[in-house]
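Asker: Heads up: the sequence shown is residues 6 to 227, going by UniProt numbering.
We put the beta carbon where it would ideally sit given N, CA and C, even for glycine.
Note that the coordinates shown come from a computational prediction; the quantities given were computed from them, not determined experimentally.
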Amino acid sequence: NLTPVITIDGPSGSGKGTIARLVADRLGFRLLDSGALYRLTALAALEREADLTDEATLTEIAAGLDIRFELRDGETAAVLGGRDVSRDIRMEEVSMAASKVAAMPGVRAALLQRQRDFRQPPGLVADGRDMGTTVFPDAPVKVFLTASAEERARRRYEQLREKGVSVSLRDLLEDIRARDARDMNRETSPLAPAEDAVELDSTGVDIDDVLQRVLQLVHERI
Ligand code: C5P
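Given below as structure tokens:
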């Protein structure tokens, strides 16, 4: 497949979702938010009250997901079985469940081809944890975006406050650390930079500067 892919991996809150969207808009490329697939799997499992430790059931749920991503009012909506669940999949409970189901090899295998199907002309920007290592190992541009856990918790805190959700910064920091540990220590596709990835640290850096750096890499390599 000669369609170019730009992979943007990193921990939650590193800004990769924002950067991925900006890069995709700028280049007119498609966007894959792979975390949304794990979140949708988790939401479907929670709604069915499935046992979150039962890999066979969760794999079946992942394989059978009826999902679509639709553009609604300029935003990408996640549609599960015809329902817009964009807000539901961002709930803290779903975030936690997503990182649990994502640790299961069966679930990851069930979602692999779905992710690769997003690779269509003129190109794709793929955001996740293992885009550069497992899903698109031949991508010409790979970015690994990080930021300190404290900064990521603070960003999340501001986002939630703007939405009127009240949470404690300390709880968010704990959640972020727990998810990082789970994402980095799992056996299958752990969160780690690909050997040929360019690592960027967004701590204290303006989002526009990060964007310019990524676009520069794209122009050098594609
Ligand atoms: O990126 P986001 O926070 O939406 O991802 C939700 C969860 O899905 C993460 O905590 C991570 O465990 C998992 N994930 C993954 N591989 C990806 C993308 C997300 O394991 N490529």
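Drop a sphere of 10 angstroms on the beta-carbon of Leu37, count the other beta-carbons inside from all chains shown, and report buried for 16 or more, exposed for fewer.
Answerer: If you number the sequence shown from 1, residue 37 lands on position 32. When all chains shown are included, Leu37 counts as buried.
Asker: Only counting the same chain, and skipping five residues up and downstream in sequence, which positions put a Cβ closer than 8 Å to that of Leu196?
Answerer: Position 191 of the sequence shown, counted from the first residue, corresponds to residue 196. Here the set comprises Asp14, Gly15, Pro16, Arg134, Asp135, Asp185, Asp188 and Met189.
Asker: Between which residues of its own chain and Glu60 is the CB-CB distance below 6 Å, once the five residues before and five after are set aside?
Answerer: Reading the sequence shown from its first residue, position 55 is the one you call residue 60. The answer, listed in chain order, is Met109 and Gly111.
Asker: Would you give the residue range spanned by the beta strand (DSSP E) that Ile227 belongs to?
Answerer: Here the question's residue 227 lines up with position 222 in the sequence shown. Per DSSP, Ile227 belongs to no beta strand (DSSP E) and is neither H nor E.
Asker: Shortest alpha-carbon distance to Thr8 belongs to which of Glu167, Phe141 and Ala154?
Answerer: The residue you call residue 8 lines up with position 3 of the sequence shown. It is Phe141 whose Cα lies nearest to the Cα of Thr8.
Asker: CB-CB under 7 Å to Ala25, same chain, minus the five flanking residues each way: which ones, in chain order?
Answerer: Position 20 of the sequence shown, counted from the first residue, corresponds to residue 25. Correct list, in chain order: Ile13, Leu36, Val130 and Asp132.
Asker: Between Ala41 and the ligand C5P, is the CB less than 7 Å from at least one heavy atom?
Answerer: Counting from 1 along the sequence shown, the entry for residue 41 is found at position 36. The answer is yes for Ala41.
Asker: Counting only the same chain and skipping the five closest in sequence on each side, list residues whose C-beta sits under 8 Å from that of Ala114.
Answerer: Within the sequence shown, numbered from 1, the residue matching residue 114 stands at position 109. Excluding positions up to five away in sequence, the list reads Thr64.
Asker: Measuring only from the beta carbon, is Tyr188 closer than 7 Å to any heavy atom that is part of the ligand C5P?
Answerer: Counted from its first residue, the sequence shown places residue 188 at position 183. For the record, residue 188 in the displayed sequence is Asp; it is not Tyr. Yes; taking the cut-off as 7 Å, the Cβ of Asp188 has a heavy atom of the ligand C5P nearer than that.
Asker: Short of 6 Å in beta carbon distance, which residues of its chain neighbour Lys21, apart from the five on each side in sequence? Order them along the chain.
Answerer: As a first step, residue 21 is located in the sequence shown; it is residue number 16 there, counting from the start. Same-chain partners within the cutoff: Ile13, Gly15, Asp132 and Leu150.
Asker: Do Ala107 and the ligand C5P come close, with the Cβ less than 7 Å from some heavy atom?
Answerer: The residue given as residue 107 occupies position 102 in the sequence shown. Yes, the ligand C5P has a heavy atom inside 7 Å of this Cβ.
Asker: Identify every residue that forms a DSSP beta bridge with Val140.
Answerer: Start at 1 with the first residue of the sequence shown, and residue 140 comes out as number 135. For Val140, which the question treats as bridged, DSSP gives no partner whatsoever.
Asker: Hey, would you say the C-beta of Arg44 is under 7 Å away from at least one heavy atom of the ligand C5P?
Answerer: Translated into the one-based positions of the sequence shown, residue 44 becomes position 39. True, at least one ligand heavy atom lies under 7 Å from that Cβ.
Asker: Grouping DSSP H, G and I as helix and E and B as strand, with all else coil, what is Ala131?
Answerer: In the sequence shown, the residue the question calls residue 131 occupies position 126. In this structure, Ala131 counts as strand in the three-state DSSP scheme.
Asker: Out of Arg95, Arg182, Val170 and Glu167, which has the shortest C-alpha to C-alpha gap to Ser153?
Answerer: Working through the sequence shown from its first residue, we reach residue 153 at position 148. The shortest C-alpha separation from Ser153 is found at Arg182.
Asker: Provide the residue(s) that pair with Arg73 in DSSP beta bridges, ordered along the chain.
Answerer: To locate residue 73, count along the sequence shown from 1; it is residue 68. DSSP lists Val84 as partners of Arg73.
Asker: Taking only runs of the beta strand (DSSP E) that begin and end inside the stretch 142-211, which ones reach a length of at least 3 residues, in chain order?
Answerer: Correct list: 146-151 and 203-206.
Asker: With Leu216 and Val99 assumed to form a contact (beta carbons below 8 Å), what rounded beta-carbon distance in angstroms separates them?
Answerer: What you label residue 216 is simply residue 211 of the sequence shown in a count that begins at 1. What you label residue 99 is simply residue 94 of the sequence shown in a count that begins at 1. At roughly 28 Å, the Cβ-Cβ gap does not stay under 8 Å, so Leu216 and Val99 are not in contact.
Asker: What number of angstroms, rounded off, separates the C-alpha of Pro127 from the C-alpha of Arg31?
Answerer: Looking up residue 127 in the sequence shown gives position 122. Looking up residue 31 in the sequence shown gives position 26. Cα to Cα, the separation comes out at about 12 Å.
Asker: For Leu57, does the three-state DSSP call read helix, strand or coil?
Answerer: Locating residue 57 in the sequence shown gives position 52, where the first residue counts as 1. DSSP places Leu57 in coil when its eight states are reduced to three.
Asker: Which of the three DSSP states is assigned to Thr8 in this structure?
Answerer: What you label residue 8 is simply residue 3 of the sequence shown in a count that begins at 1. If DSSP states are grouped into helix, strand and coil, Thr8 belongs with coil.
Asker: Return the bridge partner residues of Arg51 from the DSSP annotation.
Answerer: Here residue 51 corresponds to residue number 46 of the sequence shown, with the count starting at 1. For the sequence presented, residue 51 should be read as Leu rather than Arg. In the DSSP output, where bridge partners are listed per residue, Leu51 has none listed.
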